[in-house]
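Position 150 of the sequence shown, counting from 1, maps to 156 under the working numbering, and the rest follow consecutively.
Heads up: the structure comes next, in structure tokens.
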Amino acid sequence: MAQASVYQQLRGHLATLRLHDAAEHLPAVLDSAVAEGLSVTAALERLLALEVDATEARRLAGRLRFASLPTPATLEDFDHDAAPGVDPSLLAELATCRYLESATNILLVGPPGVGKTHVAVGLARKAAEAGYRTYFTTAADLAARCHRAAIEGRWATTMRFYAGPTLLVIDELGYLPLPAEAASALFQVVSQRYLKTSIVITTNRGVGSWGEVLGDTTVAAAMLDRLLHRSVVLTLDGDSYRLRDHHARNDNLRRTTTGTNRAPLR
Ligand code: ADP
Ligand code: MG
């Protein structure tokens, strides 16, 4: 009887402390503690470890939700044979997230379809998994949001938002011409993160043409100065991965066609 009421009190404590996973697993853990002859310490550890695991899983899910990653891409499913220009050991080093500790930026440069966004998403996922606040956006979205913020008088709040995450990914710089004011928004985002937190930028334009992309060579130079000061530049080239199947189909077609052409000669 007394034991039953102690048990109820324990459940009550767990509920008050919002340790719901521990509460849910309490009967099973107590049973296994008796069955396995666990010490009180070992049983408590087992119970609380369940709660810790569940809390970490919830936090990770929250970080991934906040990160707003556009695809399920991971660094593990990046095919190195298809990307000979990328040093696998460099990518493995970046996957450790150590670059975040020194606020190093990463520039992914290359033509469309070579895996820039794939790598950026993979890096962002690693950062979120390692416990870092991470946010993925495109240059166009960032520009549009800053534009709205300026109109609605939320400029400072928006700048604080972009300063917040330990890793900010800015995808697709240079794909669309940016309005003039976007250059200064981008510059401010880069400046306020400079030497504090990392940016991963993907672009189809070499840094030489950023003046053109941003419509202002002075701002572009000042921005590149900060971005590149502590940075890793990865140049991805080669065939578009998107068009690979298409090319393979064409090759097959060509082979078949050549085959048919040859057949009558034999
Ligand atoms: P980019 O951003 O350079 O235009 P993406 O990263 O969007 O290219 O790549 C286009 C598609 O091809 C995506 O579905 C991506 O996952 C895939 N892809 C590109 N390169 C690779 C690679 N080396 N290994 C695996 N998938 C790749
Ligand atoms: Mg892309």
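Note that beta-carbon positions come from the ideal geometry of N, C-alpha and C, so glycine has one too.
In the structure shown, residue 219 adopts helical secondary structure according to DSSP, grouped into three states.
Counting only the Cα atoms, residue 10 lies some 20 angstroms from residue 23. In the assembly as shown, residue 132 is a buried residue. Its beta-carbon has 16 or more other beta-carbons within 10 Å.
Residue 122 and residue 48 have their C-alpha atoms spaced approximately 48 angstroms apart.
For the pair residue 74 and residue 46, the Cα-to-Cα distance works out to about 43 angstroms.
The three-state secondary structure of residue 182, taken from DSSP, is coil. Shown here, residue 12 sits in a helix according to DSSP, grouped into three states. Straight across, the Cα-Cα distance linking residue 97 with residue 115 is about 14 angstroms.
According to the DSSP secondary-structure assignment, residue 238 is paired through a beta bridge with 112. Scanning its chain for C-beta atoms nearer than 6 angstroms, with the 5 sequence neighbours on each side dropped, one finds around residue 195 the residues 168, in chain order. The closest CA to that of residue 177, considering only 153, 142 and 171, is found on 142. For residue 225, same chain residues with a beta-carbon under 7 angstroms away, outside a window of 5 residues either side, are 189, 190 and 193 in chain order.
Taking a cut-off of 8 angstroms on C-beta distances, the stretch 86-103 does not touch the stretch 155-169, as fewer than three cross pairs fall below it.
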